[in-house]
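Worksheet: one structure, shown below.
There are 6 protein chains.
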Amino acid sequence: MSVRLPRNVKLDPDRTGWNFYLCVRKDLRIGKGGEYLALVLQDASGQLAGRVFENVERLKDEFETGEFLRVEGRSGIHNGELQLVITSLRRVHAAQDEAQGFREEDCVPSAPRPIGDMWSELQALVAGVAEGPLRVFLHRLLADHEAALREWPAAQQIHHAYRGGLLEHVLTMARTGTALARIYGAREDVVLAGAIVHDIGKLQELAYDSGAISYTRDGNLVGHIALGLVLVRDTARGIAGFPDDLRAELEHLVLSHHGSRDRGSPVEPKSVEAFILAAVDELDARLHQVRQALQDEGADPAFTPWHKRLGRVLYRGPQDGQG
Amino acid sequence: MSVRLPRNVKLDPDRTGWNFYLCVRKDLRIGKGGEYLALVLQDASGQLAGRVFENVERLKDEFETGEFLRVEGRSGIHNGELQLVITSLRRVHAAQDEAQGFREEDCVPSAPRPIGDMWSELQALVAGVAEGPLRVFLHRLLADHEAALREWPAAQQIHHAYRGGLLEHVLTMARTGTALARIYGAREDVVLAGAIVHDIGKLQELAYDSGAISYTRDGNLVGHIALGLVLVRDTARGIAGFPDDLRAELEHLVLSHHGSRDRGSPVEPKSVEAFILAAVDELDARLHQVRQALQDEGADPAFTPWHKRLGRVLYRGPQDGQG
Amino acid sequence: MSVRLPRNVKLDPDRTGWNFYLCVRKDLRIGKGGEYLALVLQDASGQLAGRVFENVERLKDEFETGEFLRVEGRSGIHNGELQLVITSLRRVHAAQDEAQGFREEDCVPSAPRPIGDMWSELQALVAGVAEGPLRVFLHRLLADHEAALREWPAAQQIHHAYRGGLLEHVLTMARTGTALARIYGAREDVVLAGAIVHDIGKLQELAYDSGAISYTRDGNLVGHIALGLVLVRDTARGIAGFPDDLRAELEHLVLSHHGSRDRGSPVEPKSVEAFILAAVDELDARLHQVRQALQDEGADPAFTPWHKRLGRVLYRGPQDGQG
Amino acid sequence: MSVRLPRNVKLDPDRTGWNFYLCVRKDLRIGKGGEYLALVLQDASGQLAGRVFENVERLKDEFETGEFLRVEGRSGIHNGELQLVITSLRRVHAAQDEAQGFREEDCVPSAPRPIGDMWSELQALVAGVAEGPLRVFLHRLLADHEAALREWPAAQQIHHAYRGGLLEHVLTMARTGTALARIYGAREDVVLAGAIVHDIGKLQELAYDSGAISYTRDGNLVGHIALGLVLVRDTARGIAGFPDDLRAELEHLVLSHHGSRDRGSPVEPKSVEAFILAAVDELDARLHQVRQALQDEGADPAFTPWHKRLGRVLYRGPQDGQG
Amino acid sequence: MSVRLPRNVKLDPDRTGWNFYLCVRKDLRIGKGGEYLALVLQDASGQLAGRVFENVERLKDEFETGEFLRVEGRSGIHNGELQLVITSLRRVHAAQDEAQGFREEDCVPSAPRPIGDMWSELQALVAGVAEGPLRVFLHRLLADHEAALREWPAAQQIHHAYRGGLLEHVLTMARTGTALARIYGAREDVVLAGAIVHDIGKLQELAYDSGAISYTRDGNLVGHIALGLVLVRDTARGIAGFPDDLRAELEHLVLSHHGSRDRGSPVEPKSVEAFILAAVDELDARLHQVRQALQDEGADPAFTPWHKRLGRVLYRGPQDGQG
Amino acid sequence: MSVRLPRNVKLDPDRTGWNFYLCVRKDLRIGKGGEYLALVLQDASGQLAGRVFENVERLKDEFETGEFLRVEGRSGIHNGELQLVITSLRRVHAAQDEAQGFREEDCVPSAPRPIGDMWSELQALVAGVAEGPLRVFLHRLLADHEAALREWPAAQQIHHAYRGGLLEHVLTMARTGTALARIYGAREDVVLAGAIVHDIGKLQELAYDSGAISYTRDGNLVGHIALGLVLVRDTARGIAGFPDDLRAELEHLVLSHHGSRDRGSPVEPKSVEAFILAAVDELDARLHQVRQALQDEGADPAFTPWHKRLGRVLYRGPQDGQG
């Protein structure tokens with residue numbers, strides 16, 4: 217039997233073998249030799265093009281986008297891009313394939329830190345909230361949405377676009393936001409709450425299924441800012457005697473967290489806490505992009521290649537250790 | 217006894233007499249001669265500065281902002297502005313003063329068309345909606361908010377900032393929006409519904425009390441776009457079996473009606489009906505300003521004076537009747 | 217003999233046959249096998265790439281861009297795009313080919329509604345203008361430019377870029393503009409006139425020949441807004457006693473119809489009618505794009521794929537018939 | 217008899233005397249002491265507020281805005297501004313008052329250089345144009361509009377807003393534009409022609425009467441860019457055999473001279489000459505403002521006070537003579 | 217003898233007494249009663265208008281702007297503003313007046329926290345820098361500029377525009393910047409250095425003398441960003457063997473700290489540390505404005521009056537203690 | 217032996233021969249047939265793709281980017297682009313190959329005018345400076361940087377991106393700037409100095425080696441505006457008694473020459489000379505792009521194809537010789 221192929225990010229041309237992948241795209245196309253299947257095969261390290269030129273008629277209905285596959289084939293270069301020419305494939309049978317080493321998480325890009333650790337840290341932060349109603353609110357929100365909050369990405373692309381990305385983003389903002397609140401004498405618990413609720417509408421804006429991220433109908437028509445508002449309103453209504461001032465302020469944090477109208481916030485920050493929240497949200501998204509860009513290798517050890525979205529090259533820091 | 221003064225917009229200097237006003241501002245100030253009261257007295261035609269220099273100690277606690285007053289005094293010019301130096305004032309006693317001609321509506325700026333007429337027309341439009349759930353929704357919304365919808369202004373300033381202004385704005389948009397929908401083959405009932413719901417959040421954004429318009433806490437922190445969304449969501453939830461697609465679309469109309477993110481819409485129009493709604497909203501607000509500006513008299517019969525907010529002079533049309 | 221091929225929008229690979237086309241582009245290129253002809257073949261449904269690899273030397277001078285051709289060949293996929301590999305071609309001979317079903321209009325994209333109908337409706341609208349000089353002006357303008365006005369596209373691309381597109385655009389604006397004018401109590405005839413004259417300069421800005429649209433020298437150097445101004449001025453001069461106020465106002469409508477300086481209007485709207493005209497022009501252009509985008513098929517029945525120029529996906533409306 | 221007062225720019229408080237002025241504004245106002253006249257009195261050095269408190273009834277109809285007056289009175293400070301309290305005034309009678317030194321040009325702000333000199337220089341430049349049709353065109357244009365071209369300001373305010381200002385602006389641009397054209401090997405005569413025609417529409421956009429500058433109806437509705445286009449077109453039509461390419465290019469220079477659409481040019485520069493023309497137009501307008509601002513005295517010999525429109529202070533240059 | 221007047225922020229009309237002030241402006245003006253002196257008298261709480269109507273001739277040359285004065289007079293309202301009508305004044309004689317309680321710092325607005333404390337904290341932060349050359353650099357910079365760094369404001373207006381304001385701003389940024397660097401795993405010492413150097417050019421951009429803040433020639437012509445660059449370059453040159461990479465990076469922090477070109481940074485952030493520095497600089501300036509605005513009292517306990525520069529009202533937080 | 221190939225700009229497919237080139241890029245790629253070398257071969261007329269498919273193993277280490285090569289091969293079309301399939305190559309040996317006509321300057325794009333001529337003209341301009349310290353400064357600056365100033369390009373791309381481009385740009389600005397200064401009565405020598413120093417920082421921002429242009433570390437982190445400032449400061453420091461006013465003004469010219477903050481100038485022009493300098497810099501860069509675009513051939517003799525960066529087509533001028 218053939219050997220297991222390396223992870224996508226490490227795969228070279230001219231390798232023969234097999235591996236487990238998540239199929240995130242499946243198109244039937246017409247080429248010179250008739251119909252073929254063009255697949256996108258994903259593992260935790262990235263994506264790979266797959267091509268099925270034989271037995272297309274039989275294979276094309278054997279699996280769907282969103283399913284895990286066991287794939288065998290040979291890698292090569294086509295039009296300058298790596299692709300896997302597939303000689304056989306079948307759906308993964310979890311029970312049987314786990315013995316050969318199949319694990320779902322190996323097929324899905326994830327946050328670098330274990331999700332369980334991040335979840336525990338977030339729970340601990342909430343447990344430390346002094347104000348009763350706010351602590352009840354946050355516990356309720358986390359309890360109601362635990363399953364999704366542990367899985368969801370923070371975006372379809374650009375930043376934190378992977379499993380656990382939303383939790384990672386929330387947790388970093390909780391840490392940076394409360395650090396700034398402490399220095400400025402602002403209400404730390406309110407900033408913490410803002411970090412937790414600000415993107416909560418993403419749970420309804422995005423659909424996330426086995427690594428595939430897409431926009432829902434409500435995501436397109438209503439958007440995460442307004443969806444988050446409704447989630448906050450509903451959670452607050454469910455708590456008897458929840459202070460209305462606090463409800464309004466949490467809604468303000470959700471609505472204003474993009475910082476200005478032209479970035480999509482229908483109301484702009486009006487409290488010290490809202491200014492801090494918007495600042496750490498923007499910084500975290502920006503630094504996530506910067507860190508990804510810094511991983512781009514290039515000829516120059518000191519600078520990255522030009523990064524189109526950021527509109528600049530990035531500096532990796534002194535190469536001789538000072539500073 | 218002295219004569220009744222003319223309406224504020226017609227008042228000249230050096231007139232002595234009395235009239236009924238709504239007091240919309242009351243400040244106690246210190247001048248060369250000690251404390252005095254600086255009032256803003258409103259009738260349906262506009263506002264007038266009032267000054268109380270005598271008996272300040274006694275009068276200053278006799279009435280509050282938001283009350284109707286019977287005021288007697290003499291008009292004059294001070295620092296180039298007309299003011300009424302008040303010799304006596306008291307609260308209106310409705311029962312007794314109606315005999316002398318007091319009517320609340322004479323003290324509050326209002327839409328030019330009678331509110332009852334506008335309300336009937338709107339009801340008739342809703343009665344003509346073919347689609348059952350949508351008609352139920354609109355009847356429910358109007359019924360739940362009838363009192364406020366008949367009174368509310370559409371804004372604190374700039375356009376439709378008077379009693380019944382919101383109803384007038386909604387009704388004009390209903391007419392223009394459905395006219396355009398008919399020509400473009402779009403769903404007229406959806407555009408009508410959009411006209412009715414788009415600014416419904418203003419009922420919670422603004423406080424309106426006897427002609428005085430101010431922002432509420434939720435108006436400042438949440439804003440009418442998000443408040444309208446919650447009103448739509450709650451109304452839809454109250455109707456058993458209300459189609460979720462339609463609920464999402466009504467919310468989209470509320471959220472997208474400013475037309476773009478930089479004008480405060482967190483999502484941008486994504487349907488033909490949403491594009492039409494945003495276009496007629498912008499046009500109606502703009503033309504309301506234009507029509508007000510056209511009332512500015514100036515030396516030139518053909519053009520208005522420079523209008524700062526619009527950034528131009530306006531053309532009144534040919535002076536010799538053609539066109 | 218081979219069969220007639222389906223329309224371009226319906227053509228599949230691996231079909232052999234013939235059809236009539238308008239040649240809208242002809243390039244002589246050098247490939248591995250030497251010179252070949254790269255053609256763009258147009259019918260009313262769209263465009264198709266054509267390739268002549270044989271007898272190039274003889275065929276390359278047998279026809280020119282802008283001529284109708286009878287083409288025979290076989291469809292295939294090259295670099296992922298459909299093309300017709302041509303085995304024979306010749307110029308259309310109208311007399312003889314009409315017998316086989318040749319009609320010019322089958323080779324040129326056109327407005328969906330028959331041009332004769334649109335023209336009649338426009339004439340009827342003008343006949344209803346009450347004001348004498350304005351009616352004379354509009355009749356004169358339509359009479360002077362009838363041939364072009366019945367043919368011209370409204371743009372080289374983006375919206376109404378086909379035969380009769382300008383007339384379709386003008387007529388829709390006439391209907392929407394006068395509907396709004398009626399509701400706002402503005403002068404309907406002036407808005408109607410604005411709809412007719414606003415893009416009249418396009419007749420000189422664009423050259424339109426058998427479906428090929430290009431910019432003229434004056435189109436590039438002077439532009440349709442200024443060219444339209446000259447056409448209005450000249451037409452008004454030709455009418456004895458034409459009111460100068462009205463002439464200036466028509467010019468204002470032409471010059472201001474883009475709505476603001478940054479969209480290319482050297483003067484901005486200064487009358488109620490000019491504001492209405494600019495609003496319906498923008499809305500009509502926008503909705504034309506929206507409707508074209510809504511025809512893009514995609515995987516999702518509710519939403520279109522991402523539309524780059526509009527910067528969003530578009531909603532097709534509820535899939536279950538409500539609303 | 218009292219003495220002649222100094223020029224407005226030199227007038228101090230507490231001076232009694234007489235002088236000749238152009239009345240550029242006359243308002244009847246109501247003050248504590250009843251009606252009075254508020255005038256703006258202009259001489260070549262600037263403007264001065266005038267007040268008539270006595271004999272108002274008789275004097276108010278004795279003269280109109282735009283007339284030259286002989287005024288007698290006493291200067292003083294009111295609300296921190298200098299004003300002339302007028303004790304007597306009458307219309308100037310040219311014949312009789314010239315003996316006392318009345319000269320119209322002393323009452324109207326003018327370009328610093330004599331108009332006759334500037335006109336001669338411009339004529340000489342045109343005489344040097346090599347290309348026949350272009351020289352004929354320019355001679356014709358200057359001849360047709362000589363009277364206005366010798367008088368007109370270039371703007372109502374901001375830059376060159378005085379008698380001869382347009383001629384001064386045109387002449388400077390002719391010199392700078394042709395200097396740059398020579399260096400860049402561009403067609404000098406075309407740039408010269410552009411300098412002469414670019415603002416020719418100002419003759420119809422602005423009304424200029426004895427120093428008072430206002431916008432005409434066509435100025436407001438059509439604007440100088442489009443009005444200039446018509447003047448160029450008409451002049452070209454009047455010359456038999458005038459090359460159409462050249463006509464289009466002159467129109468392009470008029471239309472594109474603001475440099476970009478957002479500054480009001482409906483077409484943007486497309487030739488080397490058009491780029492040069494737009495650059496020298498912007499620079500000349502900017503430097504005119506800068507030079508006026510440099511005349512503002514302030515406490516600091518090296519820098520002017522903050523200039524609001526330019527958004528900066530300006531540097532007068534080294535104070536010790538270097539550089 | 218009369219009593220000592222309260223601090224400016226507490227002064228009422230109709231109070232007679234004396235106090236010590238810094239004279240920050242002195243103008244000789246002409247009023248109805250002849251010349252008078254218009255002063256601006258400053259204490260630590262704010263500024264007060266002073267007027268000298270008597271003995272002007274003698275007093276006007278007895279003192280200059282920038283000197284401390286002992287002033288006696290009576291407060292009153294003029295044109296709605298408080299002013300002190302001065303009956304006598306003289307220069308402060310430090311030796312003698314200290315006995316009566318004169319202290320310079322009572323006449324100059326200062327940072328709320330004692331400067332000595334802030335300076336010690338900054339020194340301690342620098343002492344904790346691990347990297348040798350960077351620590352030497354920072355010690356050198358602080359030593360070279362200690363006197364100014366302890367005094368300077370951070371701006372002429374808008375934020376931190378008082379004695380010690382620059383030090384306060386630097387110290388807050390040092391704390392927020394290093395807190396964020398720690399969370400993001402960035403180089404804390406580099407961010408600390410960035411906080412210290414980023415505005416160092418303000419020492420040459422602004423002149424600060426006894427509370428009066430003005431722009432220097434180099435401030436106007438070169439600006440604090442470029443001046444800071446030169447200070448960094450010179451300091452680095454003075455340290456033998458200073459790593460050139462580190463020198464370039466410190467310069468980058470100075471140049472990029474405004475975050476983008478349109479805010480005046482000639483290069484934009486290119487390292488994680490530079491992004492953090494720009495974010496905390498913007499946030500600190502913004503929050504300083506917010507906190508000042510929150511001190512504006514108004515009728516509403518929950519919201520401030522409209523703040524023009526921030527373009528919004530601000531929320532003071534829940535009034536009932538939750539959150 | 218084979219013949220010498222024509223210059224890159226004239227090369228056709230299917231030509232066999234040899235020539236000298238500068239290798240400005242060398243990549244090892246993997247294709248269907250294994251490894252190959254993809255080169256970019258440059259001569260003075262432009263760049264050419266080169267491919268080595270044989271003897272890759274041996275040849276790949278025989279030369280480096282930045283070396284001059286003697287290359288032999290056959291030209292062909294691949295994917296629509298011209299490339300040279302290389303049959304042999306070796307490093308140039310200057311001594312031996314000069315006999316065959318090798319000249320470095322034939323392999324490097326250069327300014328059209330000989331560098332020696334430009335340098336002499338610049339020296340003559342400096343010799344004409346009247347003011348002693350300024351003349352000394354400029355002589356010193358040119359002497360210190362002569363080698364680089366004779367070679368450097370003005371940019372990596374867009375305009376003057378070739379050998380001697382900076383000198384060409386400086387010289388043109390010296391001519392246009394002093395011409396304008398003369399007309400406006402500004403200090404010509406200061407403008408001349410501004411032209412010489414404004415981009416002097418490019419010598420450190422860009423690395424230029426045998427035709428290859430790249431950004432240095434200081435170019436990325438500090439940028440040419442700030443680097444130029446340091447060069448000016450250092451040069452001024454080296455001249456005893458150099459006037460500090462003049463030093464500040466030269467720095468101002470460097471810092472403000474982009475004209476506004478959003479184009480990267482940290483301070484904006486504040487003197488007449490700085491306004492002139494910014495204007496001629498922008499115009500020269502723009503016209504350089506325009507002239508390059510005008511060289512694009514296309515089907516239309518009057519207009520260029522669409523130029524993406526300029527956002528327009530360009531007009532070549534009348535085709536019949538008028539104007």
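Residue numbers (our numbering), protein chains in the order written: chain A, 217 to 539; chain B, 217 to 539; chain C, 217 to 539; chain D, 217 to 539; chain E, 217 to 539; chain F, 217 to 539. Idealized CB from N, CA, C, for every residue including glycine.
In terms of beta-carbon proximity, Ile-246 of chain A lines the interface with chain C, with at least one pair separated by less than 8 Å.
The beta carbon of Ser-430 of chain A sits closer than 6 Å to the beta carbons of Ala-423 from its chain, once the five residues preceding and following it are set aside; these are given in chain order. From the listed residues D:Glu-321, D:Arg-507, D:Asp-478, the smallest Cα separation to Ala-260 of chain D is found for D:Glu-321. Ranking E:Leu-264, E:Arg-403, E:Gly-480 by CA distance to the CA of Leu-466 of chain E puts E:Arg-403 first.
The continuous beta strand (DSSP E) containing Glu-251 of chain B extends over residues 250–259. A check of alpha carbon separations from Arg-245 of chain C across F:Glu-273, F:Glu-297, F:Val-488, F:Arg-286 identifies F:Glu-297 as the nearest.
In this structure, Val-529 of chain B sits away from Phe-491 of chain C, with a CB-CB distance that is not shorter than 8 Å. Looking at the DSSP output, Val-268 of chain A sits in a beta bridge with A:Leu-253. Of all residues in the segment 438–460 of chain F, only Val-438, Gly-439, Ile-441, Ala-442, Leu-445, Val-446, Arg-449 place a beta-carbon less than 8 Å from a beta-carbon of chain E. Trp-234 of chain F counts as buried, since at least 16 other C-beta atoms from the protein chains shown sit within 10 angstroms of its C-beta.
With respect to Leu-382 of chain B, His-375 of chain B sits apart: the two C-beta atoms are not nearer than 8 Å.
Nearest Cα to Pro-330 of chain B within the set B:Arg-379, B:Leu-354, B:Glu-362: B:Arg-379.
Taken atom to atom, the span from the alpha-carbon of Gly-289 of chain D to that of Ser-218 of chain D is near 9 Å.
In the structure shown, Gln-535 of chain D adopts coil according to DSSP, grouped into three states. Closest by C-alpha distance to Lys-418 of chain E, out of E:Val-301, E:Glu-273, E:Gly-444, is E:Gly-444. Scanning A:Tyr-237, A:Leu-365, A:Val-496 for the CA closest to the CA of Arg-391 of chain A turns up A:Val-496.
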